[in-house]
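Residue numbers (our numbering): -10 to 898.
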Amino acid sequence: MITLDMILSENRMKSSDEAYVQHAVACSPFVTKLFTKDGGLLTDLLVNLHQEYQLSDMQNFLSNQNIFDETSLKQALRRLRQHVMARIIVRDLNGLADLTEVMRTTSSLAECAINASIDYWNTWLVDAFGQPVDAQGYPQSFIVIGMGKLGGGELNVSSDIDLIFAYGSEGETTGEKSISNQDFFTRLAKKLIAAIDEITEDGFVFRVDMRLRPFGGEGALVSNLDALEEYYQNNGREWERYAWIKGREVTGGKQVSKLLKPFVFRKYLDFGAFASMRDLKIQIQRDVNSKGMHDNIKLGRGGIREIEFIAQVFQLIRGGQDASLQVKPTLSVLELLKNKGLLPEKTVAELSEAYVFLRNLEHRLMYVDDAQTQELPKSDEAKARIAKAMWFDDWEEFLAKLNAYRQQVQQHFDATFSDASASQNVDESTLEVEKSIWNGAIVEQESVPALQKMGFIEAAETLRRLNTLHQSSRYRQLPELSRQRFDALMPLVISQVAEMQNADTTLMRIIDLLESICRRASYLALLAEHPQAMQLLIKLCSSSPWLTNYLVQHPILLDELLDTRTLYAAPDFSILRADLLARLAEVKGDVEREMDVFRHFKHANIFRFAAQDINGELSPEKLSDYLSELAQLILSVSLEVIWPNVRGKHLEVPKFAVIGYGKLGGKELGYASDLDIIFLYDDDASEAGEIYARFAQRINNWFNSLTSAGLLYETDMQLRPDGNSGLLVSSVAAFKEYQMQKAWVWEHQAITRARFVAGDKQIGAAFEKIRIEVMMQPRDNDALKLEVQSMREKMRSAQHIEANMFDIKHSIGGIIDVEFLVQYLVLAQAKQYPELTGNIGNIGLLRLLASLNIIAQDLADKVVSAYRDYRHTQHMLKLQGAAHLRVELSTVSEHAAAVKVLWKKVFVD
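Structure below.
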């Protein structure tokens, strides 16, 4: 048998494994003690050195021990720890294990020890007192929650383990010596702690820290679930939310995590977490300073805790909205933050590299004496040992690298948690006048001229509105923290709004928005923490009352202001689809939340498009393309989500398609357009019609239902065969028969703009074939001309427009006239010119008609220009919140004249 003395002998040639042991002994006095005390450890190590110590290996080790009482249990657990620690230390110090393995193995050891102790002690206590049950007689089990690094699966080799104990319900045990469940589980908890924490001649397994439990050291050692829920609802503090991010049941099921998820992860975006965690870090830093712990690589500046805080603040803010961020390990969270664009790739790379370096260093500090320490050594001998363990030639080289990492971490931490009020571009002293106006510290005679000087035209009315807000019950009833944030925001708002050309109007809009969101502290925190977002918000509200109102209705969209790269980026609809599907997967089975996911997704993207539109980045065609593609994506994914829940469904994939008409069909959707759609199926099953009717009804309800997140889209089904009196769905065959035999001319006009948008592509192809066949039917062009003109006259007679005004859509020479012109020409000429059946939009068709010499090129160009400008004006009027799409006739007279000339040439001449 090879002994430690043999390995350390200088006169002996060593194998590579023996050299590994020699290096570990040089770096870890603790592992030297282990090998010296028990020679069998070294033998076991040399056999298994190249194998990770798995949880199953630990369980097998314990099953081979003779455990029959408390003493033998403690001895077996401590012997297991010695075996595991010896292998971890030698593997880690020689690069055979990475940080992930060390954390995983140590966490597995803790879980194995906890579960084994509970198994034995639960059996022994049940033998003595009977099985604990609730009032209905159901057995109750012991729940152990691992907090901190144990919860995250990131445990240190010599760490405390932070535990919280719980059980299901109150009740009593079933034995002759019956005791309450509280008493039973308290006894079990104390025995568990002793089994793991108590120092015997064999050492300890883990130190146990119970201070994170409700009411800390003064609280009950074990709580039932009702008591646990009541505590966190009524007494839970912000630092406890932070702690519970890592909370994970080591045994006893998932009841506690489910119970406390609303406490930890808010349903809304919780930007107040920045200030809360900033305050917590300040408290920690004060403690570090008072105790002279600057060399503490965990709690000192640029230390492990700062990396954890950066990762976890985003979890607190967004974890309720994005369940994927509820993961535990720090490195996994950082990777997610990079993938979601919440932290720059360079930042995540630097933080992750620093985290691995600091955690490896932490372990090497602990390998020295099996002590829970994060302090850098003081003596030269100890410094040389750590430098060697970290693979540096000397302490100075090591320290330079460590300081570089800590400086990077500190910079990233400060950038993440910088106090917005201290970093705003506006010098605080320059806002004294604005503060005085808001607080009413100066009289009206001084305030009005001051506001006028800033740039407010209607200064007296602006002051009145500010005073009304300041004295309103809504403002006065705000919680203290929210009122402080509101007071901090308003002087900045006044200052920045004054720079807008329409300062008075913009301030009214911003006040309306702030009034609507002020009860949600998180939204105030978002704007307080991100002054650049406030600046962008003011710009957008200044440009568009519609967008302001959109934000009032959907304040969650304020989050979109934080990343202008995303806000102004061209959409990649394949990525958007994947993002939508990922979010839906997180709430699968919860219909209400699924509906809200769709709505939030739609609102966020429309907000982005509108911001780009206001910024002058989108042509009318590009905007409509985006809006149409978005609707098409939502329709497509909706079918996938709704179909599995349709009662009586007989296929995994429905033989069903959605056909878009009108603006959706022509890819000309506007901001608030409804969706003109019909449903087709091609399925010979006897019950198909009934099943697809149910499917169609579910789709309609899904889109038209008003939830807390608003409306998805209004759908209009009037263009289906026989209109509102017809069936909700049609078979392909029935649709074809209707179109060829019964359809009105206006329905053939409508089909010129129709297209397949979602569902079964084969049905889409069948529809397109029918569409082309309908359009290429031989027609009596004179009769067609009369029908089209007659329909247009009916529509005009229903409109009442002032003499000097022009309705972009309905007036003579407006959008509908252009559409009717194109539809007539396509139906009249498609048989001779099949290329006219292409669904290329009105502008494309006008240009094609000119190229075919059906209409004059110069006139086509003028009508194209008119149509493009009309659509642009439509979008702009919508953004301005216009109730009617009307402008002064003089501003569009040339466009209207061009359309009238073409109308006359087509229908009269």
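C-beta: ideal position from N, C-alpha, C; glycine also.
Less than 7 Å separates the beta-carbon of Val888 from that of Val852. In this structure, Ala559 is the residue among Ala559, Leu628 and Ser625 with its C-alpha nearest to the C-alpha of Leu607. Of the other Cβ atoms in all chains shown, 16 or more fall within 10 Å of the Cβ of Lys138; this residue is therefore buried. Restricting attention to Gly651, Ser720 and Phe668, the CA atom closest to the CA of Ser675 is found in Ser720. The Cβ-Cβ distance between Leu177 and Phe252 does not fall below 7 Å.
Spatial neighbours of Thr696 in its own chain (CB-CB distance under 8 Å, excluding positions within 5 residues in sequence) are listed in chain order as Glu581, Met584, Asp585 and Arg588.
Annotated three-state conformation of Leu874 is coil, per DSSP. Rounded to the nearest whole angstrom, the CA to CA distance from Asp568 to Ile623 is 12 Å.
Annotation: the continuous alpha helix (DSSP H) that includes Asn538 extends over Pro534 to Gln542. Residue ranges of uninterrupted alpha helix (DSSP H) with 4 or more members, entirely inside the segment 672 to 757 and ordered along the chain, are 677 to 693, 721 to 730 and 734 to 740. Here Val194 is buried, its C-beta having at least 16 other C-beta atoms within 10 Å. By the beta-carbon neighbour count (other beta carbons within 10 angstroms, threshold 16), Leu640 is exposed. By the criterion of a C-beta distance shorter than 6 Å, Gln738 is surrounded in its chain by Gln812, once the five residues flanking it on both sides are discounted. Put simply, the backbone Cα of Lys22 is about 16 Å away from that of Arg374. Residue pairing by DSSP places Arg237 opposite Gly135 in a beta bridge. Taking 7 Å as the cut-off, the Cβ atoms of Asp665 and Leu708 count as close.
For the alpha helix (DSSP H) assignment, the uninterrupted runs of no fewer than 4 residues enclosed by the segment 416 to 466 are, from N- to C-terminal side, 421 to 428, 433 to 443, 448 to 460 and 462 to 465.
Secondary structure of Tyr127 (DSSP, three-state): coil.
Judged by their CB atoms, Leu513 and Arg474 are nearer to each other than the 7 Å cut-off.
Taking C-beta separations shorter than 8 Å and ignoring five residues to either side along the sequence, the partners of Ala510 in its chain run Gly261, Pro468, Leu470, Ser471 and Arg474, following chain order. The C-beta distance from Gly830 to Lys638 rounds to 36 Å, too long to fall under 8 Å, and the pair is not in contact.
Per DSSP, the continuous alpha helix (DSSP H) segment holding Tyr615 begins and ends at Pro609 to Ile631. Closest by C-alpha distance to Gln490, out of Cys530, Leu66 and Lys644, is Cys530. The beta carbons of Asp749 and Ala646 sit closer together than 7 Å. The three-state reading of DSSP puts Phe195 in coil, since its state is none of H, G, I, E or B.
Looking only at Thr537, Ser169 and Asp151, the smallest Cα-Cα distance to Pro128 is reached by Ser169. Ala155 carries a strand assignment under DSSP once its states are collapsed to helix, strand and coil. Within the segment 751 to 801, the alpha helix (DSSP H) runs of at least 4 residues that lie entirely inside it are, in chain order, 770 to 786.
Judged by DSSP in its simplified three-state form, Tyr670 adopts strand. In the DSSP secondary-structure assignment, Gly649 is bridged to Ile666 and Arg744. Taking the Cα positions, Arg275 is about 28 Å away from Arg307.
By alpha-carbon distance to Lys528, the top candidate from Ala599, His543 and Ala477 is Ala599. With 16 or more other CB atoms across the displayed protein chains lying within 10 angstroms of its CB, Asp548 is buried.
DSSP, read as helix, strand or coil, puts Val357 in helix. In chain order, Asp552, Arg554 and Thr555 place their CB closer than 8 Å to the CB of Gly330, counting only its own chain and leaving out the 5 sequence neighbours on each side. In this structure Tyr557 is exposed. Its beta-carbon is surrounded by fewer than 16 other beta-carbon atoms within 10 angstroms.
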